[in-house]
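In the numbering used here, the protein residues as written are 2 to 490. Think of the CB as a built atom: it goes at the ideal place given N, C-alpha and C, for glycine as much as any other residue.
In structure tokens form, the structure reads like this:
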């Protein structure tokens, strides 16, 4: 072992805390432990990411068979985002899990999952990333299955099946990259050995396409998206929030590493593989929006929305230009914040009213005004209305799509983004309008104040402040992304 041992703590501490939390039956003490665990983890991650780049070698047989962690720019970007949102969602969960069985088990796996995500973020090479990716799948599956209903069990098995199949495609690619790369350590610009690649270009493009398709499963990209609208509605709402807002980004991390740090854009730009993945991302954006527009179950509507919105990120990444990359990483942050708000709002509504269908939400804004105002802000961000943050990411995605090198597919992508925004307005703002303005025929006498307590409302307000704050002052975040982009392009 060498390097800074502190870099191992973000992976170890959640497991230690998780084991303690899992055996803590007293609610108040358990909630205190959960908050301490999440707060310590977030503080540690921000501390590690604020200093010089560090590397820690946990285990090594050779350059390619090693477990190594590193705090490069991309790792810092995702680790800070994930640890912060995980803390905020945990606070909400303390109240929400009162109406679910076995909350200790939920919080144990919730904490374990954070360890796997940190391992994924800080992975320095392909082997570490692959193992972390698989652990992320295994440790998050109990969050999907938590309620124990037959539907939840089926959804959990579907989640595992799709995820393992997608990861299997990634493992297959690892075998090929071990042969055709100078190293499987992530290096900006890629590590392909072009002398070895010569004559095998099409084979490597097939490998890249299958790897991106496999890791795209976790991001909900067509055709491996079907687990997402099945798993999200059956999981407890805080789990749905982090599955949608954060776990889907695990697939994005893997796609970025494979595309920009192993294959390299110089090899991929202008190829059929780039074109095929752009087409799949555009299809997913449109399909997800259409299915969300038609869906009547609230959490399933939000799940289909995630299918669409996360593929905005894939579209930006596959443009393989600085503007597209900027839009993609901005979308990572802004979607994570907005979608956590929406799922947590759905959780608050279910917790206080037990209503699960969109048609039941007329007048809900009168009963739960804070919840529905935060829902409205998140909806505006996903649509892309200024000054919310979603406008900024969509601006850069459009800029990338309109560049001459993006060609006709770039123009089609921008058009689909606009259509998707209109559909998003239809399936989200209709909930807001009916919630605040239920109509003359509505029985206003039946309304009662049902606002949840501070453990639910404070996280929603904090995330809503971020939605507007990032939209009005995106410069610091953009600077962080430029530092990553500058190393790649």
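N-terminal and C-terminal residue of the beta strand (DSSP E) that residue i is part of
| i | result |
| --- | --- |
| residue 68 | 67-71 |
Anticipated Cβ contact below 8 Å, residue i with residue j, distance rounded
| i | j | result |
| --- | --- | --- |
| residue 317 | residue 392 | Not really, about 15 Å apart at Cβ, beyond 8 Å. |
| residue 145 | residue 235 | 7 Å |
| residue 141 | residue 17 | Wrong, their Cβ atoms sit about 19 Å apart, outside the cutoff. |
| residue 349 | residue 372 | 5 Å |
| residue 214 | residue 170 | 6 Å |
| residue 389 | residue 381 | 5 Å |
| residue 278 | residue 319 | 5 Å |
| residue 134 | residue 118 | Not quite, the Cβ-Cβ distance comes to about 10 Å (not below 8 Å), so this is no contact. |
Buried versus exposed call for residue i [16 or more other C-beta atoms within 10 Å across all chains shown]
| i | result |
| --- | --- |
| residue 449 | exposed |
| residue 13 | exposed |
| residue 30 | exposed |
| residue 37 | exposed |
| residue 230 | buried |
| residue 6 | exposed |
| residue 228 | buried |
| residue 241 | buried |
| residue 49 | buried |
| residue 224 | exposed |
| residue 296 | buried |
| residue 446 | exposed |
| residue 95 | buried |
| residue 455 | exposed |
| residue 192 | buried |
| residue 176 | exposed |
| residue 482 | buried |
| residue 71 | buried |
| residue 64 | exposed |
| residue 258 | buried |
| residue 10 | buried |
| residue 197 | exposed |
| residue 51 | exposed |
| residue 405 | exposed |
| residue 286 | buried |
| residue 203 | exposed |
| residue 1 | Because residue 1 is not part of the residues shown, which for the chain are 2 to 490, the question remains open. |
Option in the options with minimal Cα separation from residue i
| i | options | result |
| --- | --- | --- |
| residue 219 | 159, 36, 276, 194 | 159 |
| residue 460 | 240, 375, 361, 241 | 375 |
| residue 67 | 77, 74, 56 | 56 |
| residue 246 | 70, 487, 87 | 87 |
| residue 293 | 310, 278, 200 | 310 |
| residue 335 | 453, 52, 468 | 468 |
| residue 479 | 276, 280, 332, 143 | 332 |
| residue 411 | 463, 470, 276 | 276 |
| residue 577 | 217, 265, 223 | This structure cannot speak to residue 577, because the chain is shown only from 2 to 490. |
| residue 415 | 377, 280, 25 | 280 |
| residue 76 | 47, 477, 148 | 47 |
| residue 298 | 429, 477, 222, 211 | 429 |
| residue 39 | 91, 65, 79, 62 | 91 |
| residue 490 | 313, 190, 238 | 190 |
| residue 341 | 319, 154, 304, 322 | 304 |
| residue 232 | 198, 274, 163 | 163 |
| residue 15 | 26, 34, 323 | 34 |
| residue 103 | 79, 394, 28 | 28 |
| residue 80 | 250, 181, 453 | 250 |
| residue 370 | 433, 425, 360 | 433 |
| residue 239 | 465, 466, 474, 457 | 457 |
Segment limits, alpha helix (DSSP H) that includes residue i
| i | result |
| --- | --- |
| residue 359 | Element bounds for residue 359: n/a, residue is neither H nor E. |
| residue 56 | That residue, residue 56, is in no alpha helix (DSSP H); its beta strand (DSSP E) goes 56-61. |
| residue 470 | 455-473 |
| residue 238 | 238-243 |
| residue 217 | 202-217 |
| residue 233 | 228-235 |
| residue 250 | 249-257 |
| residue 104 | 104-123 |
| residue 135 | 127-146 |
| residue 483 | 476-489 |
| residue 434 | 431-437 |
| residue 29 | 28-51 |
| residue 373 | 370-384 |
| residue 14 | 10-23 |
| residue 184 | Counting along the chain, residue 184 falls outside any alpha helix (DSSP H), and DSSP gives it neither H nor E. |
| residue 88 | 74-97 |
| residue 267 | 266-269 |
Q: Specify whether the stretch 101-115 and the stretch 12-21 touch according to this definition: at least 3 beta carbon pairs, one from each stretch, less than 8 Å apart.
A: The answer is yes - the stretch 12-21 touches the stretch 101-115, with three or more Cβ pairs under 8 Å.
Q.
So, does the stretch 341-356 touch the stretch 261-277, judging by three or more C-beta pairs under 8 Å?
A. no
Q. Quick check: the stretch 116-130 against the stretch 178-187, are there 3 or more CB pairs under 8 Å?
A. yes
Q. Are at least three pairs of beta-carbons, each pair with one atom in the stretch 41-54 and one in the stretch 78-85, less than 8 Å apart?
A. Between the stretch 41-54 and the stretch 78-85, the count of C-beta pairs closer than 8 Å reaches three or more; the two stretches touch.
Q.
For the pair the stretch 470-489 and the stretch 319-332, tell me if three or more CB-CB distances fall below 8 Å.
A. Short answer: they touch.
Q. Is it a yes or a no for the stretch 364-371 touching the stretch 427-447, going by three-plus beta-carbon pairs under 8 Å?
A. yes
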